[in-house]
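> Protein chains in written order, with full-length UniProt numbering: chain A, 1 to 419; chain B, 1 to 419. Each residue gets a CB set at the ideal place from its N, CA and C atoms; glycine is no exception. Keep in mind that this is a model prediction, so the values were computed, not measured.
There are 2 protein chains.
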Amino acid sequence: MAEKTWVRMVTAQTPTNIAVIKYWGKRDETLILPVNDSISVTLDPAHLCTITTVAVSPSFDQDRMWLNGKEISLSGGRYQNCLREIRARACEVEDKEKGIKIAKNDWEKLHVRVASYNNFPTAAGLASSAAGFACLVFALAKLMKAKEDNSELSAIARQGSGSACRSLFGGFVKWIMGKAEDGSDSLAVQLVDEKHWDELVIIIAVVSSRQKETSSTTGMRDSVETSLLLQHRAKEVVPKRIKQMEEAIKNRDFGSFAQLTCADSNQFHAVCLDTCPPIFYMNDTSHRQVKIISCVEKWNCSEGTPQVAYTFDAGPNAVLIAHNRKAATQLIQKLLFCFPPSSDADLNCYVIGDKSILKDAGIEDIKDVEALPPPPEIKDAQRSKGDVSYFICTKPGRGPDLLSDESLALLHPETGLPK
Amino acid sequence: MAEKTWVRMVTAQTPTNIAVIKYWGKRDETLILPVNDSISVTLDPAHLCTITTVAVSPSFDQDRMWLNGKEISLSGGRYQNCLREIRARACEVEDKEKGIKIAKNDWEKLHVRVASYNNFPTAAGLASSAAGFACLVFALAKLMKAKEDNSELSAIARQGSGSACRSLFGGFVKWIMGKAEDGSDSLAVQLVDEKHWDELVIIIAVVSSRQKETSSTTGMRDSVETSLLLQHRAKEVVPKRIKQMEEAIKNRDFGSFAQLTCADSNQFHAVCLDTCPPIFYMNDTSHRQVKIISCVEKWNCSEGTPQVAYTFDAGPNAVLIAHNRKAATQLIQKLLFCFPPSSDADLNCYVIGDKSILKDAGIEDIKDVEALPPPPEIKDAQRSKGDVSYFICTKPGRGPDLLSDESLALLHPETGLPK
Numbered sequence: 001m002a003e004k005t006w007v008r009m010v011t012a013q014t015p016t017n018i019a020v021i022k023y024w025g026k027r028d029e030t031l032i033l034p035v036n037d038s039i040s041v042t043l044d045p046a047h048l049c050t051i052t053t054v055a056v057s058p059s060f061d062q063d064r065m066w067l068n069g070k071e072i073s074l075s076g077g078r079y080q081n082c083l084r085e086i087r088a089r090a091c092e093v094e095d096k097e098k099g100i101k102i103a104k105n106d107w108e109k110l111h112v113r114v115a116s117y118n119n120f121p122t123a124a125g126l127a128s129s130a131a132g133f134a135c136l137v138f139a140l141a142k143l144m145k146a147k148e149d150n151s152e153l154s155a156i157a158r159q160g161s162g163s164a165c166r167s168l169f170g171g172f173v174k175w176i177m178g179k180a181e182d183g184s185d186s187l188a189v190q191l192v193d194e195k196h197w198d199e200l201v202i203i204i205a206v207v208s209s210r211q212k213e214t215s216s217t218t219g220m221r222d223s224v225e226t227s228l229l230l231q232h233r234a235k236e237v238v239p240k241r242i243k244q245m246e247e248a249i250k251n252r253d254f255g256s257f258a259q260l261t262c263a264d265s266n267q268f269h270a271v272c273l274d275t276c277p278p279i280f281y282m283n284d285t286s287h288r289q290v291k292i293i294s295c296v297e298k299w300n301c302s303e304g305t306p307q308v309a310y311t312f313d314a315g316p317n318a319v320l321i322a323h324n325r326k327a328a329t330q331l332i333q334k335l336l337f338c339f340p341p342s343s344d345a346d347l348n349c350y351v352i353g354d355k356s357i358l359k360d361a362g363i364e365d366i367k368d369v370e371a372l373p374p375p376p377e378i379k380d381a382q383r384s385k386g387d388v389s390y391f392i393c394t395k396p397g398r399g400p401d402l403l404s405d406e407s408l409a410l411l412h413p414e415t416g417l418p419k
Numbered sequence: 001m002a003e004k005t006w007v008r009m010v011t012a013q014t015p016t017n018i019a020v021i022k023y024w025g026k027r028d029e030t031l032i033l034p035v036n037d038s039i040s041v042t043l044d045p046a047h048l049c050t051i052t053t054v055a056v057s058p059s060f061d062q063d064r065m066w067l068n069g070k071e072i073s074l075s076g077g078r079y080q081n082c083l084r085e086i087r088a089r090a091c092e093v094e095d096k097e098k099g100i101k102i103a104k105n106d107w108e109k110l111h112v113r114v115a116s117y118n119n120f121p122t123a124a125g126l127a128s129s130a131a132g133f134a135c136l137v138f139a140l141a142k143l144m145k146a147k148e149d150n151s152e153l154s155a156i157a158r159q160g161s162g163s164a165c166r167s168l169f170g171g172f173v174k175w176i177m178g179k180a181e182d183g184s185d186s187l188a189v190q191l192v193d194e195k196h197w198d199e200l201v202i203i204i205a206v207v208s209s210r211q212k213e214t215s216s217t218t219g220m221r222d223s224v225e226t227s228l229l230l231q232h233r234a235k236e237v238v239p240k241r242i243k244q245m246e247e248a249i250k251n252r253d254f255g256s257f258a259q260l261t262c263a264d265s266n267q268f269h270a271v272c273l274d275t276c277p278p279i280f281y282m283n284d285t286s287h288r289q290v291k292i293i294s295c296v297e298k299w300n301c302s303e304g305t306p307q308v309a310y311t312f313d314a315g316p317n318a319v320l321i322a323h324n325r326k327a328a329t330q331l332i333q334k335l336l337f338c339f340p341p342s343s344d345a346d347l348n349c350y351v352i353g354d355k356s357i358l359k360d361a362g363i364e365d366i367k368d369v370e371a372l373p374p375p376p377e378i379k380d381a382q383r384s385k386g387d388v389s390y391f392i393c394t395k396p397g398r399g400p401d402l403l404s405d406e407s408l409a410l411l412h413p414e415t416g417l418p419k
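1) List the endpoints of the continuous alpha helix (DSSP H) containing Ser129(B).
2) DSSP state of Asp52(A), grouped into three classes?
3) Could you tell me how far apart the beta carbons of Asn36(A) and Gln159(A) are, in whole angstroms, since I believe they sit closer than 8 Å?
4) Would you list the residues sitting across from Gln190(B) in a DSSP beta bridge?
5) Just to make sure I have the definition right: I need the residues of chain A whose C-beta is within less than 7 Å of the C-beta of Val319(B). Which are they?
6) Tell whether a beta-carbon distance below 9 Å holds between Ile203(B) and Pro396(B).
7) Answer yes or no: do Arg398(B) and Glu194(B) have a C-beta to C-beta separation smaller than 9 Å?
8) Mind checking which residues open and close the beta strand (DSSP E) that includes Ala322(B)?
9) Chain A beta carbons: is any one of them nearer than 9 Å to that of Phe120(B)?
10) What is the residue span of the alpha helix (DSSP H) that Leu153(B) lies within?
11) For Ala205(B), count the other beta carbons within 10 Å of its own beta carbon; 16 or more makes it buried, fewer makes it exposed. Which is it?
12) So is Met282(B) in contact with chain A if we call contact Cβ pairs under 9 Å?
13) DSSP beta-bridge partners for Tyr79(A)?
14) If we define contact as Cβ-Cβ less than 9 Å, is Leu335(B) a contact residue for chain A?
15) Which residue wins for smallest C-alpha separation from Ser57(B), given the options Leu358(B), Thr394(B), Arg113(B)?
16) How big is the Cα-Cα spacing for Lys367(A) and Leu331(A)?
17) Among residues of its own chain, excluding the 5 on either side of Ile72(A), which ones have a beta-carbon nearer than 6 Å to its beta-carbon?
18) Buried or exposed, going by whether 16 or more other CB atoms sit within 10 Å of the CB of residue 428(B)?
19) Starting from Leu43(A), find everything on chain B with Cβ-Cβ shorter than 7 Å and list it in chain order.
20) Using DSSP with H/G/I as helix, E/B as strand and the rest coil, what is Pro15(A)?
21) Rounded to the nearest angstrom, what separates Gly25(A) and Leu33(A) at their Cα positions?
22) Helix or strand or just coil, what does DSSP make of Thr311(A)?
23) Between which two residues does the beta strand (DSSP E) carrying Ile378(A) extend?
24) Is there a Cβ from chain B that is less than 9 Å from the Cβ of Asn266(A)?
25) Any beta carbon from chain A within less than 9 Å of Arg383(B)'s own beta carbon?
26) Is the Cβ of Arg233(A) closer than 9 Å to any Cβ of chain B?
27) Which residues in chain B have a C-beta closer than 7 Å to the C-beta of Glu247(A)? List them in chain order.
28) How long is the line joining the alpha carbons of Leu140(B) and Gly315(B), rounded to whole angstroms?
29) Using CA atoms only, rank isn't needed, just tell me which of Ser167(B), Ser294(B), Thr226(B), Ile156(B) is closest to Gln13(B).
30) What residues of chain B sit near Ala263(A), judged by a beta carbon separation below 7 Å?
31) Using 10 angstroms around the beta-carbon of Asn266(B), count the other beta-carbons present and answer buried if the total reaches 16, otherwise exposed.
32) At what residues does the beta strand (DSSP E) containing Trp66(A) begin and finish?
33) Is it buried or exposed, Asn324(B), if we count other Cβ atoms within 10 angstroms and call 16 or more buried?
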């Protein structure tokens, strides 16, 4: 029995990502195969990431998982697909020091434990399932010494959550829709790494949604079945945009990048509205999205050349990508003018992430926010206190990492239970 | 000089209309030629119409016009186009009793006066320009004894305001986009008259807009120039829908009619959202449109077959078309539950038009409104007092009419000035 007491553990960190050419619509619901390619930017894991510890031990009698400290079921099809695909690629593992020896075909009988947590509020609706499935697959692959590269792993993560495949890389990432019926060629590739275009600054306006939104799975299905514009978008519009976006990213052409990003976000929401019954992700009760879009459009127009791009996913948060630090500094001033914190809020909790942007903007406390001038390009600019929960300042970031520091593990090294 | 003192006058009434297959986008801005056919239902002029008096006299030294009692300039291109086209078709007029004799080529030298008013609030954004230009052209044609039929006149009214061409007929009307470069074949035809499908009931929720909207001329131009979905809609989607809508109207197939009407309204707003910068007509701050759409969709879904269709133009008003009186009675109950009048409102001014619908619904005063049960198909139905300005109950109506009763004329029969 003594040799059966070992626990082998791996801890990994995976970023979240935001699409700049959107994924909306599956051609295969089980394999999660999309109707078009998509492109995303990976967000800095220092500010937004999932950390996952996976463990295996002959003493575990079933697969178990804890998400943000709470046990959840692994019986869902999406988890089962990921577990099955990774187990099929597991290899022999030997660690003489710890007395571990797992033969390739032992993996079918061994059970795993998974503990995962997000370093950002899950309720924020910031693609936590993308980072989560990417991290699960990446960590399990390392645990089981699978030889597949990150692109091959992305095709497995895709079966957990479509956009998860794009979280296997840093920088800018393309999810190639693929052609194969089994989905084997529907995977992510890195376009450029996070150093290629490192002057970009990303500011996320996190807002709490007061209304129940259509889940993206249901929404996509309805759009595929009823929108007469979706197929045109997928077949005619997106292929051209993907090429233009790849060029814009390669050449760090912010004007084209911003134009394509905004247009594609709007078109995704147009397809949602063309769905029967219509889906309104861009229609929050406080009108924040329209205010933000209007603010950005007016500013870009007044400057003659885009300073900022906006993009909105299937929820109310706004993701704003500023051309550079100077544009980001002006952007945070405009945003804080239009969306000041509630009177009792702590500025330190209202703008999180890379706070150096705030410092560059000369904002140290609430008084500085109150003293901000209205953006000159907006007539009768209104201040809407409390409409935004908080802002996250971040930038393009790197892909998955193994965390070798055992103190960061989420499972106890001996019991295999959450710490 | 004595023979110069006559004034010849004609007064006409023209209905407004609401498109069920939308017109959005011009292929020629000056001639106002659309990128697709459209279909509308004419609204009962008893509740929504324009009345216009036109007059000619050798004593008039310039063309003048009064709209709702206020003098406006006729120098705009759209007025000038209509006046020129009608003058070119003017014929000889003789009225021995009044001593009037106008030769065909006298019309070039004679000046006209126009007085026009809407029997509904102009600020309501209920296609007053459609009824207005249709009435102007129709009345001038009668004044000048032009021999053109209403379809031919519609091609002139179209040059005042595109959708005006559809107000030259009652019932259901198709605006054929045409092919000719000079626009001569871009005109309206009647599909069926107002008696063909007379069980339909139309309820309009009039809401005051708190935000400035994009004018439809500017919006259409931006959409044509920037939306990648508009051309697909115009070329691929609308031609099929026009055929299906014509069939549905011919067969009084309310299920198909409602499905097509709602889908086309949503697609029009989708194209607006796909425009750069995006146009948000469906995004009013009080969320009324989404509430109304959601209410209708849930009800139709719970009944298994559509009871009501919704359609929204380039403004915040909702136009609801109920299958029959029974559906309309239930609809007004649901609408009054969700959008009750302000506490101090007079129900008599809150539901106008055909008040017999209210009576059928058993609603006589505010207390009856307060006692309405929540619609069972809507979970946690909320009441939003004051979000709707008022409701108009109406039905499909007839086309333009000459008003022979001289007491209805808006100009003084001797001075030719507004009464």
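Reading off the structure:
1) Taking the second sequence and counting its residues from 1, one reaches residue 129(B) at position 129. It spans 128-143 - the alpha helix (DSSP H) in which Ser129(B) sits, taken as one unbroken run.
2) Sequence index remark: in the first sequence, residue 52(A) carries index 52 (1-based). Strictly speaking, residue 52(A) in this sequence is Thr, with Asp absent from that position. Strand at Thr52(A).
3) As a position in the first sequence, residue 36(A) is number 36, starting the count at 1. As a position in the first sequence, residue 159(A) is number 159, starting the count at 1. Asn36(A) to Gln159(A), Cβ: 18 Å. No contact.
4) The sequence position of residue 190(B) within the second sequence is 190, counting from 1. Gln190(B) pairs with Val173(B).
5) Sequence index remark: in the second sequence, residue 319(B) carries index 319 (1-based). Within chain A, no residue comes near Val319(B); the closest Cβ sits about 16 Å away, beyond 7 Å.
6) Numbered from its first residue, the second sequence carries residue 203(B) at position 203. Numbered from its first residue, the second sequence carries residue 396(B) at position 396. Cβ distance not < 9 Å, so Ile203(B) and Pro396(B) don't count as in contact.
7) Here residue 398(B) refers to the residue found at position 398 of the second sequence. Here residue 194(B) refers to the residue found at position 194 of the second sequence. Taking 9 Å as the Cβ cut-off, Arg398(B) and Glu194(B) qualify as a contacting pair.
8) For the purposes of this step, residue 322(B) is taken as residue 322 along the second sequence, with counting starting at 1. In the DSSP annotation of this structure, the continuous segment of the beta strand (DSSP E) that includes Ala322(B) starts and ends at 318-322.
9) Sequence index remark: in the second sequence, residue 120(B) carries index 120 (1-based). Output row for Phe120(B): interface = no.
10) Within the second sequence, the letter at position 153 stands for residue 153(B). Counting along the chain, the alpha helix (DSSP H) containing Leu153(B) begins and ends at 150-157.
11) For the purposes of this step, residue 205(B) is taken as residue 205 along the second sequence, with counting starting at 1. Its Cβ being crowded by 16 or more others within 10 Å, Ala205(B) is buried.
12) Your numbering for residue 282(B) matches position 282 in the second sequence. So yes, Met282(B) belongs to the interface.
13) Residue mapping note: residue 79(A) aligns to position 79 of the first sequence, counting from 1. Here Tyr79(A) is not bridged, per DSSP, to any residue.
14) The residue labelled residue 335(B) in the question sits at position 335 within the second sequence. Not an interface residue.
15) Here residue 57(B) corresponds to residue number 57 of the second sequence, with the count starting at 1. It is Arg113(B) whose Cα lies nearest to the Cα of Ser57(B).
16) Locating residue 367(A) in the first sequence gives position 367, counting from the first residue. Locating residue 331(A) in the first sequence gives position 331, counting from the first residue. When rounded, the distance between both Cα atoms is 18 Å.
17) Residue 72(A) sits at position 72 when you count from the first residue of the first sequence. Residues of the same chain with a CB within less than 6 Å of the CB of Ile72(A), apart from the 5 flanking positions on each side, are Met65 in chain order.
18) In the structure as shown, chain B starts at 1 and stops at 419, and residue 428(B) therefore has no counterpart that could be examined.
19) Here residue 43(A) refers to the residue found at position 43 of the first sequence. Chain B residues near Leu43(A): none, gap ~24 Å exceeds 7 Å.
20) Taking the first sequence and counting its residues from 1, one reaches residue 15(A) at position 15. Looking at Pro15(A) - three-state DSSP - the assignment turns out to be strand.
21) Within the first sequence, the letter at position 25 stands for residue 25(A). Within the first sequence, the letter at position 33 stands for residue 33(A). Going from the Cα of Gly25(A) to the Cα of Leu33(A) covers about 9 Å.
22) Position 311 of the first sequence, counting from 1, holds the residue named residue 311(A). The three-state secondary structure of Thr311(A), taken from DSSP, is strand.
23) Residue numbering aside, residue 378(A) sits at position 378 when the first sequence is read from its first letter. Secondary structure note for Ile378(A): it is in no beta strand (DSSP E), with a DSSP letter that is neither H nor E.
24) The residue you call residue 266(A) lines up with position 266 of the first sequence. Interface flag for Asn266(A) against chain B is set, since a Cβ pair is found closer than 9 Å.
25) Locating residue 383(B) in the second sequence gives position 383, where the first residue counts as 1. Cβ-Cβ to chain A under 9 Å: no for Arg383(B).
26) Along the first sequence, one-based indexing puts residue 233(A) at 233. With 9 Å as the cut-off, Arg233(A) counts as an interface residue toward chain B.
27) Translated into positions along the first sequence, residue 247(A) becomes position 247. For Glu247(A), none of the residues of chain B pass the 7 Å Cβ criterion, the least Cβ distance being about 18 Å.
28) Taking the first residue of the second sequence as 1, we reach residue 140(B) at position 140. Taking the first residue of the second sequence as 1, we reach residue 315(B) at position 315. Taking the straight line joining both Cα atoms gives about 30 Å.
29) Within the second sequence, residue 13(B) is the residue found at index 13, counting from 1. Among Ser167(B), Ser294(B), Thr226(B), Ile156(B), the Cα nearest to that of Gln13(B) belongs to Ser167(B).
30) Along the first sequence, read from residue 1 onward, the residue named residue 263(A) stands at position 263. Result: Cys276.
31) Against the second sequence, residue 266(B) aligns to sequence position 266. Buried, because 16 or more other Cβ atoms sit within 10 Å of the Cβ of Asn266(B).
32) One-based indexing of the first sequence puts residue 66(A) at position 66. Element bounds for Trp66(A): 64-67.
33) For this step, residue 324(B) is matched to residue 324 along the second sequence. Under this definition Asn324(B) is an exposed residue.
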